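J.: Quick one: this structure, given as structure tokens, is what I'll be asking you about.
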Amino acid sequence: MMFLTLFYILAGLCTGSFLALCADRLPRGESLFFPASHCDACGHRLGVLDLIPLWSYLRLGGRCRYCAAPLKMDLLWWEVGMGGAFALLGRGADPSPLLFLTFYLFSFLVLISVMDGKEKFVYDASLLFLVGGALFYLFFGASFFRMVGGSLFLGLPLWMIYGVSGGRMGFGDVTLAFSLGLFLDGERSLLTLFLASFLGIAFSCLMMILGRRKWQDPLPFAPFLCMAAFFLFVRPDAARLYFQFFLF
1 MMFLTLFYIL
11 AGLCTGSFLA
21 LCADRLPRGE
31 SLFFPASHCD
41 ACGHRLGVLD
51 LIPLWSYLRL
61 GGRCRYCAAP
71 LKMDLLWWEV
81 GMGGAFALLG
91 RGADPSPLLF
101 LTFYLFSFLV
111 LISVMDGKEK
121 FVYDASLLFL
131 VGGALFYLFF
141 GASFFRMVGG
151 SLFLGLPLWM
161 IYGVSGGRMG
171 FGDVTLAFSL
181 GLFLDGERSL
191 LTLFLASFLG
201 IAFSCLMMIL
211 GRRKWQDPLP
221 FAPFLCMAAF
231 FLFVRPDAAR
241 LYFQFFLF
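The opening residue of the sequence shown carries number 1 in the UniProt record's numbering; numbering runs sequentially from there.
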């Protein structure tokens, strides 16, 4: 079990390194794969020993090997955060396609949430990763019709809201909803919409009470949508219990 935990942590560190790259390049409109990783200060291409997650950062004291410029702390937080998250998500679980899909989905939902929180924008490239994960889900036995139904049940309501919002809701939230619904079914999609709205309203009210925002300030919806969808993906029984309690 200790070996598996270590494996999950290492997988999380590597994933965090890639997500840090995505978070750095997507806002600048750069390719995720070209050019090769390099120092932003001096432009020197990084070698293999410069790219070992966590170890390279600590060994170099958080500085570039070639020009001694400080590296972004974001890299460290992404790697450590994802390493810890994978350890928690995989605790007591044996490797399986569903577990790795859970890691995959969690990773890109965190990326989408962080990017929307910082940039107020949902990038198409991050959604393509979700669609790729949905194809993996389908390959390992998910029902095609349930996936399509989940996508429509979650995406269509937001699409209608977008149409009447006068631009107050971004279309990225709509495409994200259609993508997330592929991992759910109709019941969980409806509950995702309710839970995400509740979380968003609760957070907004809390920030207004603390004086951190005004009621007319835009609120990124993607983080709440991602949190709700992921919870119902890993706990599908929650939707069943909810509907049984309130409808029967």
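Glycine included, each C-beta is placed from N, C-alpha and C at the ideal position. None of these values were measured; they are calculated from a predicted model.
Quick check: the segment 176-185 against the segment 208-225, are there 3 or more CB pairs under 8 Å?
T.: As far as the Cβ criterion goes, the segment 176-185 touches the segment 208-225, which means the pair count is three or higher.
J.: So which of Gly150, Ser151, Asp173 has the shortest CA-CA distance to Ile161?
T.: By one-based count along the sequence shown, residue 161 stands at place 161. Minimum Cα distance to Ile161 is reached at Asp173.
J.: With DSSP run on the structure shown, which of helix, strand or coil describes Pro27?
T.: In the sequence shown, residue 27 corresponds to position 27, counting from 1. Three-state result, Pro27: helix.
J.: Beta-carbon within less than 6 Å of Cys14's beta-carbon, same chain only, minus the 5 sequence neighbours each way: which residues are those?
T.: Along the sequence shown, one-based indexing puts residue 14 at 14. Excluding positions up to five away in sequence, the list reads Pro53.
J.: Taking the beta carbon of Arg212 as the centre, do at least 16 other beta carbons fall within 10 Å, making it buried, or is it exposed?
T.: Along the sequence shown, read from residue 1 onward, the residue named residue 212 stands at position 212. So Arg212 counts as exposed.
J.: For the alpha helix (DSSP H) holding Tyr57, just list the boundary residues, first then last.
T.: For this step, residue 57 is matched to residue 57 along the sequence shown. First-last of the alpha helix (DSSP H) with Tyr57: 55-59.
J.: Mind reading off the beta-carbon distance from Ile9 to Ala87? Whole number of angstroms is fine, and I expect it under 8 Å.
T.: The residue you call residue 9 lines up with position 9 of the sequence shown. The residue you call residue 87 lines up with position 87 of the sequence shown. Correct: roughly 5 Å between the Cβ atoms.
J.: Quick check: what's the CA-CA separation for Gly92 versus Val110?
T.: Here residue 92 is taken as the residue at index 92 of the sequence shown, counted from 1. Here residue 110 is taken as the residue at index 110 of the sequence shown, counted from 1. Those two C-alpha atoms are separated by around 22 Å.
J.: Checking 8 Å against the spacing of the C-beta atoms, do Asp50 and Arg65 come in under that value?
T.: Position 50 of the sequence shown holds residue 50. Position 65 of the sequence shown holds residue 65. The answer is yes: Cβ separation under 8 Å.
J.: Along the chain, which unbroken stretches of the alpha helix (DSSP H) at least 4 residues long are found entirely within the UniProt domain "Prepilin type IV endopeptidase peptidase" (104-204)?
T.: As far as the UniProt domain "Prepilin type IV endopeptidase peptidase" (104-204) is concerned, its whole alpha helix (DSSP H) runs of at least 4 residues are 124-139, 144-164, 171-181.
J.: Which residues does DSSP list as the beta-bridge partners of Pro220?
T.: For the purposes of this step, residue 220 is taken as the residue at position 220 of the sequence shown. Partner(s): none; Pro220 has no beta bridge.
J.: Excluding the 5 residues flanking Ala41 on each side, which residues of the same chain have their C-beta closer than 8 Å to its C-beta?
T.: For the purposes of this step, residue 41 is taken as residue 41 along the sequence shown, with counting starting at 1. Cβ neighbours of Ala41 beyond the five flanking positions: Cys64, Cys67, Ala69.
J.: Express the C-alpha separation of Ala196 and Cys205 in angstroms, rounding to a whole number.
T.: To locate residue 205, count along the sequence shown from 1; it is residue 205. To locate residue 196, count along the sequence shown from 1; it is residue 196. The straight-line gap from Cα to Cα measures roughly 14 Å.
J.: In terms of alpha-carbon separation, which member of Phe203, Leu60, Gly16 lies closest to residue 250?
T.: The requested residue 250 is not part of the displayed model; the chain covers only 1 to 248.
J.: Compare the C-alpha of Phe231 against each of Phe194, Pro220, Trp215, Pro218 and name the closest.
T.: For the purposes of this step, residue 231 is taken as residue 231 along the sequence shown, with counting starting at 1. Out of Phe194, Pro220, Trp215, Pro218, Phe194 has the C-alpha closest to the C-alpha of Phe231.
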